[in-house]
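Sequences listed follow chains A and B, in order. Going by the numbering used here, the first sequence opens with residue 124, and the numbers climb by one from there. Going by the numbering used here, the second sequence opens with residue -3, and the numbers climb by one from there.
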Amino acid sequence: MAETFAVLGLFDHADALLAAIGKVKSQDLGGPARLEAYTPYPVHGLDRALGLRRSPLAGMVMVMGILGALFAMVMQYWMSAVDYPIVTGGKDPTSWQAFIPIMFELMVLFATFTAGLGMLLLLNRLPLFGHPVLGSRAIRSITRDRFALAVEAEGSGFDPRAAQAALEAAGAREIEWLPAPDTGPFLTAVTIQRSLAGIAAACVVAGVLTWGGVKLMPVLRPMVHMEDQPRLSAQQPSRFFPDGSGMRMPVPGTVARGYLPPPFKTPEQAAGLVNPLPRTREVLDRGRAEYQVRCAVCHGALGDGTPTLTAAYGAKPANLVAPNIRAYADGQIYGTIVLGKNAMPAYAADLPEDARWAVVHYVRALQRAQNAKDEDLP
Amino acid sequence: MKAERTGTVGTVLWGATLLGAALAALSYVQAGPARFWANWLVWFLFLLSVALGALFLVAVEHLTASRWSVPLRRISERIATLLLPLAAVALVALGAVPVLYPGARPEAAADPLLAGKAVWLGLPFFALRVVLCAGLGILAVAVLVRGSLRQDRDRDPAFTRRARRFAPVAMAIFALLVTQAGFDWISGLAPAWYSDVIGVYLFAGAFMAGLAATALALLALRARGRLTAIRPDHTYSIGGYLFAFTVFWAYIAFAQYLLMWYGNLPDEVVWYQARTLGAWRPVVLLLALVHFFVPFFALVPRDAKGDLRRLAWVAPVVLVAHWLDLYWLVFPALGPAPRWSWPELGFALLFLGGALLWLRAAMARGEDMPVGDPFLGEGLEFRL
């Protein structure tokens, strides 16, 4: 006869089950065994009756919930007050009020994940493939309307007949013996082969479906709210304003902040201006960064007017390191940046005041680099 | 021996009430009418919350046909009868309207914002709303409580059916009364301030107060050897409700604060400016502690919710916290500093003593459980 895993006794009512636990406990169970109950819904008081230890899950959930809230607080404080402080709505970046919703969310997230995963993986002895009770005849009624008390064998020397007698004495309506589960190795070669084949098949199916989907629906737009919103582009008419124009003129007598017109009409008139920035490492680094973004595409990384774009574009950008430009005053280079020259557009809108002067410093540095003197050598 | 002790308690309660009444009357002369009416308002709203919370519990039980709560229902019904004397207290509280409510004062005519709402904020329509709400409260008590008491005698299950039909109406009455209390009695103190959620805020606090009062009354009766059939299976849901509404109250309170703090609109922040800055800051921090953190952590373990020894100290904390909540809502109307002194003590003696005398008389009459309810047996056998 096969080894017995457990003897199941079935009861019709939760109260009968609870009453039976005490009776069975006081009897001889026929060797090393422990009691377990299987019920269609949670029965309050069952844990106490079975003498189960207090679940540590509640404490784990509490600790992880508090940790989640603290983590969210530290994370938000660091992000919004230390790493990248931005004043929003006139609020101090350290305002704790704004952190509370995220703290609450992360507290709930940590707590629920701890509850779910801790229950499934740590405390419920999962993963378990096929609990023996699932294979019993009684499982249909256990999941519906009956309550099972199981005397489960622990080690060898368990006598199912004694357990059956104890359950019957406690008033069990029906008895079922469960054979021990198959304890063969789970990861056999066949299992691994089948798993790999299944994964490969799933990949092929997913690939074919994706390919076909993209072929059939090439312009599937998942979210179009921003694209389709009512809006006015530049130069479009508008019926909202009395003059029918969608664009607005500035208020007479005002200048937009940062758009003060320059006090010169040609670069030459700006020659008298003095570069207000010191020639420091920081200023030259800033000038190089701005130059490489705005200027290098035409004037070249070295400032010699020979970038890769020139041939395709057809223009002839100035060689900034040539003698005629080297003879420019700082203010003249600055004026050229502000107003533009020949095919070069004005860069006043793209470069703020201090960036223009930083670029001037950097252009001077490029000129010196291409026309080094002996004393420049270390 | 027992009768002697009962007599002593009654004497002490009467003495406290009369002393409180004397102090309250003195405070009108010594501390001024504004402080008198603010105290009156806080205690009126406190007892109204307790009574409405109990009424809500009774209505919920009928609405959901609960079994677990049938043995406990008579306690909540008796507490809900506080609505009868409170109708008179509400009518007296109308004396506060020309004193504390800017919308009903003569200066309101000069303020364009208040002048536009003169009809709503003025005393005649205010009084009409109060009378209407008092009448509706008495109606709910008459149907749910008087019917239940009558069922004790005639054992007629028809009342159970009638109560279930009336429960939604009682809910609507409850919603109306709580909203009226929030909009008129509390929000009216700062008529330029808007909050749609003040009624819900008051509801959360009122239900907590009603549950705490029910738990305390249960404990008091058990201490006298009554209601011994109540097991933790019954009280578990009282604790569970209390726990849930602790969280709900905190959620509503913080949601309102967060939105107004973020929006920073002048007509919204005035409320919190007067209530969270300066001398009121410790009060609001204390409120957060006793109205949320203490009950939350006290009730969060599973076994704590049905534990009567735990409820024996959590319920008083909740009641004190709810009183503090109302104090924090009303008293900033008097000025930038909290006032605690003998007038507040006098009013506490007067109203607590009066309410306890009323409840004591109510608890002494009739059965402790609705013995005519056909589901009482199932309720007594209820198991979680």
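Using N, Cα and C, we set each Cβ at its ideal position, and we do this for glycine too.
In the three-state reduction of the DSSP assignment, residue 347 of chain A falls in the coil class. Three or more pairs of CB atoms, one per stretch, sit closer than 8 Å, so the region 243 to 260 of chain B contacts the region 206 to 222 of chain A. Ranked by Cα distance from residue 146 of chain A, the options A:337, A:374, A:288 and A:321 are led by A:288.
Distance from the Cα of residue 276 of chain B is smallest, within the candidate group B:123, B:295, B:326 and B:44, for B:326. Listed by position along chain A, the residues whose Cβ is nearer than 8 Å to that of residue 289 of chain B form an empty set, because the closest Cβ is around 12 Å away. Judged by DSSP secondary structure, residue 49 of chain B falls within the alpha helix (DSSP H) whose first and last residues are 29 to 60. Beta-bridge pairing by DSSP links residue 158 of chain A to A:274.
With at least 16 other beta carbons inside 10 angstroms of its own, residue 365 of chain B counts as buried.
In the three-state scheme derived from DSSP, where H, G and I count as helix and E and B as strand, residue 378 of chain B is classed as coil.
In this structure, residue 195 of chain B sits near residue 175 of chain B, with a CB-CB distance shorter than 8 Å. In the structure shown, residue 243 of chain B falls within a helical segment according to DSSP collapsed to helix, strand and coil.
Annotated as distal: residue 391 of chain A and residue 490 of chain A, with beta-carbon spacing of 8 Å or more. Of all C-beta pairs linking the region 355 to 369 of chain B to the region 51 to 71 of chain B, three or more are shorter than 8 Å, placing the two stretches in contact. DSSP places residue 333 of chain A in the uninterrupted alpha helix (DSSP H) bounded by 312 to 339. Annotation note: the region 224 to 284 of chain A contains the following uninterrupted beta strand (DSSP E) runs of length 3 or greater, listed N- to C-terminal: 270 to 276. For residue 322 of chain A and residue 331 of chain A, the gap between their C-alpha atoms comes out near 14 Å. At a cut-off of 8 Å between C-beta atoms, residue 225 of chain A does not count as an interface residue with respect to chain B. Taking the C-beta atoms as reference points, residue 187 of chain B is found no nearer than 8 Å to residue 238 of chain B.
Listed along the chain, the chain A residues whose CB falls inside 8 Å of the CB of residue 380 of chain B are 167 and 168. Residue 184 of chain A sits in a helix when the DSSP states are folded into three classes.
Nearest to residue 437 of chain A by alpha-carbon distance, out of A:290, A:342, A:413 and A:467, is A:467.
With a minimum length of 4 residues, the unbroken runs of alpha helix (DSSP H) contained wholly in the region 220 to 278 of chain B fall at 228 to 259 and 262 to 272. Following the DSSP letters along the chain, one finds residue 134 of chain A inside the beta strand (DSSP E) bounded by residues 127 to 134. In this chain, the alpha helix (DSSP H) harbouring residue 319 of chain B covers 304 to 326. In the DSSP annotation of this structure, residue 185 of chain B is not part of any beta strand (DSSP E), being labelled neither H nor E. Taking one beta carbon from each stretch, the region 128 to 144 of chain A and the region 287 to 301 of chain A have 3 or more pairs nearer than 8 Å; the two touch. If you look at residue 443 of chain A, you'll find it isn't in any alpha helix (DSSP H); DSSP assigns it neither H nor E.
Put simply, the region 335 to 344 of chain B does not touch the region 50 to 63 of chain B. Fewer than three CB pairs are less than 8 Å apart.
For residue 298 of chain A, the enclosing beta strand (DSSP E) starts and ends at 297 to 302. Closest in C-alpha terms to residue 18 of chain B, from the list B:349, B:376 and B:306, comes B:349. In chain B, no part has a C-beta under 9 Å from the C-beta of residue 174 of chain A; the shortest such distance is about 16 Å.
The beta carbons of residue 235 of chain B and residue 318 of chain B sit no closer together than 8 Å. For residue 490 of chain A, the uninterrupted alpha helix (DSSP H) segment begins and ends at 476 to 493.
Between residue 214 of chain B and residue 137 of chain B the beta-carbon gap is near 20 Å, outside 8 Å, which marks them as no contact. Residues of the region 388 to 421 of chain A with a Cβ closer than 7 Å to any Cβ of chain B: none.
Along the region 290 to 304 of chain B, going in chain order, the ones with a CB nearer than 8 Å to a CB of chain A are 296, 297 and 298.
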